[in-house]
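Heads up: the sequence shown at position 31 corresponds to 92 in the numbering used here, and the numbers run straight through without jumps. C-beta: ideal position from N, C-alpha, C; glycine also. These numbers come from a predicted model, not from an experiment.
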Amino acid sequence: MPNIAIADKEFSLFLPAEKIQQRIEVMADLLNNELKGHDLIFIGVLNGAFMFAADLLKRIQINAQVSFMKVASYRGTTSGLNVKRLIGLNEELKGKTVIILEDIVDTGKTIEDILFQIKGFRPSEIRIVTLLLKTDSYKSEIKIDYVGFEIPDRFVVGYGLDYNGYGRNLRNIYVMEGEKS
Ligand code: IMP
Ligand code: MG
C-alpha cells in the first residue's frame, strides 16, 4: 500500500519500516561505542519520539537511565508556533550526560527550547539525536549530533509523527502528496 489517506490528505510512502530499522541499528552501534563510561540519561521528547526512542533504546547496551519530556509546538502543518512546556523533568541531571531523542527537527525552535530547559539542570554534557532533520528549513546554530535521515522540507507522518494527531502508529514514514516546499 504505497498511498494512504489521513483526514483530508493523501500521503505516499517515503521511508519504509525496514529502512528506518536499519538506520536505527547503525545509530545505536555508534552511540554504544561513543558513550561508553558516561553516566547516561536518555530523554525522549513526547509524543513524536516514542517509537524511535523505543526502537533505539532496545539496541543500547550500555547502562543508562531513560526518561521522557513533553513539549508541543505544532498546529497542523505549520511549524514554529509557541513552544509549550507540558511535562517537565524531575530526574537529577546534574553531572550526567543527557542524550535528547527527537523524532524530527524542522526549524530548530523546539530543540532550542528543550536545550535551554535541560541546561538549567546543569548536566555535564548534552547531545542531540534526531531521526529526521529538515536540512533546508533548519535555522538554528545548535549542532545536531546524530541524524538518522536528512529530509527535504516536506510534511511527513508515521512512526511517531502525526498529522493533526493521526498517523503516529504507522510503522512506515509517509510524505504528504501535492505539497511543495
Ligand atoms: P521545529 O521547532 O520547527 O524544529 O519543529 C519541530 C516540531 O514540529 C517537531 O517536534 C514536530 O512535532 C513538528 N514537525 C515538524 N515537521 C513535521 C512534519 O513533517 N510532520 C510532523 N510533525 C512535524
Ligand atoms: Mg517532536
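With respect to the 9 Å criterion, I123 and L101 are classified as neighbours on the basis of their beta carbons. Residue environment for D164: buried (at least 16 other C-beta atoms within 10 angstroms of its C-beta). Beta-bridge partners of F210 (DSSP): L193.
Scanning the stretch 152 to 203 from its first residue to its last, the whole alpha helix (DSSP H) runs of 4-plus residues come out as 170 to 180. Between the C-alpha atoms of S185 and G98 there is a straight-line separation of about 13 Å. The C-beta of K180 has fewer than 16 other C-beta atoms within 10 Å across all chains shown, which makes the residue exposed. For L107, the enclosing beta strand (DSSP E) stretches over residues 101 to 107. Residue state for F75 is assigned as strand, using DSSP reduced to three classes. Separation of S73 and E95 (C-alpha to C-alpha, rounded to the nearest whole angstrom) is 36 Å. Between Y224 and L192, the CB-CB gap reaches or exceeds 9 Å.
With fewer than 16 other beta carbons inside 10 angstroms of its own, V87 counts as exposed. Annotated three-state conformation of K131 is strand, per DSSP.
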